[in-house]
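Read the structure below first, then the notes.
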Amino acid sequence: MPDRFGIPVQRPFDGTVRGMNMVQITMKLPDQLAGQILPARRWLPVVLELSLARLKTPAAETSSEIMDFFLLNPSLENVLAYHASDRAQRRLQRLLALNEAGLLSETEQEELAEMERLEHILIMLKAQLADQVRLGN
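Residue numbers (our numbering): 189 to 325.
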């Protein structure tokens, strides 16, 4: 059944992420902002988490790419198959190689930590979604 903006309502997550409960929040938004958010509302928790990460290194570009992906309201299957852009993967491989060689600058260490944080967010989300698929939800 569509909502007041004519957008089909999709089944939300079951409310748990590896033992963590989710809190339901109600807020008032201007119609224009609501119209931008509602199509991807099922992915809003991850978009908010990425937004609140406050990344300060070039990893912020990767975070923006991921948020843009979720704001397109991808299917569950597309999320499970999602991979960071080739640019982001090349950068991560470079940072990991420099780290292994002990050649990371302090700024690059911060960037690597932020990239690992992004990876963790996606891994946790994909694990939750895979559980839901396995349970038939």
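Glycine residues also receive a C-beta, built at the ideal position from the N, C-alpha and C atoms. Just so you know, these numbers come straight off a predicted model, no measurement behind them.
Continuous alpha helix (DSSP H) stretch holding GLY223: start and end: 219-225
Where the alpha helix (DSSP H) through LEU306 begins and ends: 294-323
Member of LEU317, LEU323, ARG322 and GLY324 whose CA lies at the smallest distance from the CA of ARG230: LEU317
Proximity below 7 Å, CB of GLU296 to CB of LEU283: yes
Residue burial classification, SER251 (beta-carbon count within 10 angstroms, cutoff 16): buried
Straight-line Cα distance separating GLU237 from ALA222: 18 Å
Close beta carbons around ALA228, own chain, < 8 Å, minus the five adjacent residues each side: VAL235, PHE258, LEU259, LEU260 and ASN261
Collapsed DSSP secondary structure at ASN209 in the structure displayed: strand
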